[in-house]
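Chains as they are written, first to last, in the working numbering: chain A, 11 to 231; chain B, 69 to 300. A virtual CB, placed ideally from N, CA and C, is assigned to each residue, including glycine. See below for the structure under consideration.
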């Protein structure tokens, strides 16, 4: 593996974290080999490339691993700087982009997961929290085309994979993204028209099928 | 880029604030420091970090930057001509620095709190062994990142040095209060050597709080707070 040249992504088909890396590389026109991992039986390669966390995604570039999805996206940005920048050049704007990507990272997945994993009062609380998160993001987006302004950028890459989960979240928790955060809904549709997003996100029904399968496996009604 | 008015909101003991102060010190950047009372957050804090309401917050020419690792990268880019660079320039080395910084922030506080909050000997022993595993990984990380030099960042203090280093006062306080040695030079010789080098650096010495102050805070404020919370 050490002498292998090129880019390989160790990933799991529906992972929004893996999709960040796929979309970033697609936006920048970077060719890569996709390797699907069986998370119930992790490969030798995955365990070797990410011994600390044993998680996907892992980007392997010329034999050297990079782990953690946003670290991978930043690496992609910096290792291929001449191709379609995802971050602005101004330090303050870059700090803002990093802050908001970190916000998405801290909030969206955990709260989103509680929307289908919990019931009753816990679920209601999670729903309220999730809508607040969407509204905070909506306020940050404002009337701009993308979080990156006129161009699709780092924060868009960080958040867009979760748009494939909106339908699952809405169905499980009983709310509407379009009603609670219309600008986010419009943004999601706009992103969905991009080649990179169309190619790497799964249809909402397929994601929901996956959520239902997980629920069954975890014994959640 | 780096001119203008600079404020930093922090607390004396917060590792997240300490790391920012060390870097500003290293780059000889002047700023106005505001010590926050987190039990009574100031108007300034709520204004400049409305989303998380946490410190540290850097306010540069009236615009705020939040989240310590974001702040460190901002300082590096806005004051790129002052002092040495905070984060490596090579993309792969930057990815390694970011990875280990995230690991440190995820694991170190939890490890120290685990030891301090343990209510039984069994729990304490388990938490200590968890902490040892974290330190083993960090000893390896140091070897890889330092490449034989003094600091994680090479010849000068960098991103990872301040991230891990900012916990040292609390780590030493935990050692004293729990009567154990975490920074064991027989197990982690490189980390122990690094600790001594780091703590004796001027830009660090001026900022790191005294271990006694941390011990007092744990004993007089944190432990009673934890006891009250667990008896509810």
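{"Check": "Residue 43 of chain A vs residue 17 of chain A beta-carbon contact at 9 Å", "Outcome": "yes"}
{"Check": "Range covered by the beta strand (DSSP E) that runs through residue 24 of chain A", "Outcome": "Here residue 24 of chain A belongs to no beta strand (DSSP E), and DSSP marks it neither H nor E."}
{"Check": "Against chain B: residues of the segment 93-106 of chain A by CB proximity under 7 Å", "Outcome": "101, 102, 104, 105"}
{"Check": "C-beta neighbour in chain B for residue 218 of chain A, strict 9 Å", "Outcome": "no"}
{"Check": "Nearest-angstrom Cα separation, counted from residue 231 of chain B out to residue 168 of chain B", "Outcome": "9 Å"}
{"Check": "Best match in A:33, A:197, A:144, A:54 for proximity to residue 96 of chain A [C-alpha to C-alpha]", "Outcome": "A:33"}
{"Check": "Ranges of the alpha helix (DSSP H) found wholly within the segment 165-218 of chain A, counting only runs of at least 4", "Outcome": "176-183, 187-190, 192-202, 205-210"}
{"Check": "Spatial distance of residue 204 of chain B from residue 61 of chain A (CA atoms)", "Outcome": "13 Å"}
{"Check": "Supposed close pair residue 116 of chain B, residue 132 of chain B - CB separation, criterion 8 Å", "Outcome": "4 Å"}
{"Check": "Residues of the segment 161-188 of chain A whose Cβ lies closer than 9 Å to any Cβ of chain B, in chain order", "Outcome": "none"}
{"Check": "Assumed close pair residue 242 of chain B, residue 184 of chain B - CB separation to whole angstroms, cut-off 8 Å", "Outcome": "6 Å"}
{"Check": "Where residue 131 of chain B falls: helix, strand or coil (DSSP)", "Outcome": "strand"}
{"Check": "Same chain, Cβ closer than 8 Å to residue 282 of chain B, five either side skipped, listed in chain order", "Outcome": "81, 237, 238, 240, 241"}
{"Check": "Amino acids of chain A, ordered along the chain, whose beta-carbon sits closer than 8 Å to that of residue 127 of chain B", "Outcome": "Correct list: empty, because the minimum Cβ distance to chain A is about 11 Å."}
{"Check": "Interface partners of residue 119 of chain A on chain B, CB under 7 Å", "Outcome": "Neighbours of residue 119 of chain A on chain B: none; closest Cβ ~15 Å, over 7 Å."}
{"Check": "Cβ-Cβ distance between residue 143 of chain A and residue 117 of chain A below 9 Å", "Outcome": "yes"}
{"Check": "Bridge-paired residues (DSSP) for residue 102 of chain B", "Outcome": "B:77"}
{"Check": "Cβ shell of residue 172 of chain B (< 6 Å), same chain only, five flanking positions each side left out", "Outcome": "231, 232"}
{"Check": "contact_flag[the segment 152-172 of chain A, the segment 82-100 of chain A] where n(CB pairs < 8 Å) is 3 or more", "Outcome": "yes"}
{"Check": "Buried or exposed by the 16-neighbour rule on C-beta atoms within 10 Å, applied to residue 11 of chain A", "Outcome": "Bear in mind that a pLDDT of 45 at residue 11 of chain A, under 50, signals an unreliable position, so the model cannot answer this."}
{"Check": "Cutoff 6 Å; reference residue 68 of chain A; Cβ partners in own chain excluding five residues on either side", "Outcome": "20, 59, 60, 75, 77"}
{"Check": "Minimum Cβ-Cβ distance from residue 167 of chain B to chain A less than 9 Å", "Outcome": "yes"}
{"Check": "Interface flag, residue 81 of chain A vs chain B, CB-CB below 9 Å", "Outcome": "yes"}
{"Check": "Closer than 8 Å at the beta carbon, the chain B residues around residue 74 of chain A", "Outcome": "160"}
{"Check": "Residue 206 of chain B: contacting residues in chain A (beta-carbon distance under 8 Å)", "Outcome": "Neighbours of residue 206 of chain B on chain A: none; closest Cβ ~11 Å, over 8 Å."}
{"Check": "Burial state of residue 51 of chain A, where buried means 16 or more other Cβ atoms lie within 10 Å", "Outcome": "exposed"}
{"Check": "With 16 other Cβ atoms within 10 Å as the buried cut-off, status of residue 108 of chain A", "Outcome": "buried"}
{"Check": "Of the listed residues B:77, B:259, B:269, B:95, nearest to residue 112 of chain B (C-alpha basis)", "Outcome": "B:77"}
{"Check": "Neighbour list for residue 109 of chain A in chain B, Cβ cutoff strictly below 9 Å", "Outcome": "119, 133, 134, 135, 138"}
{"Check": "Residue environment, residue 87 of chain A, which counts as buried when at least 16 other CB atoms sit within 10 Å", "Outcome": "buried"}
{"Check": "Minimum Cβ-Cβ distance from residue 85 of chain B to chain A less than 9 Å", "Outcome": "no"}
{"Check": "Candidates A:215, A:40, A:225, of which the one nearest residue 94 of chain A by Cα", "Outcome": "A:40"}
{"Check": "Residues of the segment 125-152 of chain A with Cβ closer than 8 Å to any Cβ of chain B, in chain order", "Outcome": "146"}
{"Check": "Below-9 Å beta-carbon distance, residue 157 of chain A vs any chain B residue", "Outcome": "no"}
{"Check": "Beta carbon proximity, residue 211 of chain B to chain A, threshold 9 Å", "Outcome": "no"}
{"Check": "Contact the segment 87-102 of chain B vs the segment 268-275 of chain B: 3+ CB pairs below 8 Å", "Outcome": "yes"}
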